[in-house]
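Take a look at the structure below.
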Amino acid sequence: MSIKQTVLEKAHHRCQTCNIRFHGSTQTFFEHINGSRKDNRPGNLRALCPKCFKKVEKKENKKGLLDSLFGKLKS
4 MSIKQTVLEK
14 AHHRCQTCNI
24 RFHGSTQTFF
34 EHINGSRKDN
44 RPGNLRALCP
54 KCFKKVEKKE
64 NKKGLLDSLF
74 GKLKS
């Protein structure tokens, strides 16, 4: 069984944020919980619908921008 399939089964084929059920045409995204895209262990992945994934991605982009700005202020 693939890693993605393992995560989906653990999530009962639902988005782990809003609980919407994934259907054949629903695109599934996977969030790396610890932020490391190299860490593909099933325990580090959450299945998300496109809407929830966009929210997570937007939040990560804001955090990255803030970290970058604060880093420049410190130097």
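In our numbering, the protein residues as written are 4 to 78.
Glycine is no exception: its CB is placed at the ideal position from the N, C-alpha and C atoms.
On a predicted model such as this, the values are computed, not experimentally measured, just so you know.
Between ILE6 and PRO53, the C-beta gap is not smaller than 7 Å, which leaves the two residues out of contact. Residue state for PHE33 is assigned as strand, using DSSP reduced to three classes. With respect to GLN19, ARG49 sits close: the two C-beta atoms are nearer than 7 Å. Short of 8 Å from the beta carbon of PHE33, and not among the five residues preceding or following it, lie these beta carbons of its own chain, in chain order: LYS7, VAL10, LEU48, ARG49, ALA50 and LEU51. Distance from the Cα of SER28 is smallest, within the candidate group LYS58, GLU60, MET4 and HIS16, for HIS16.
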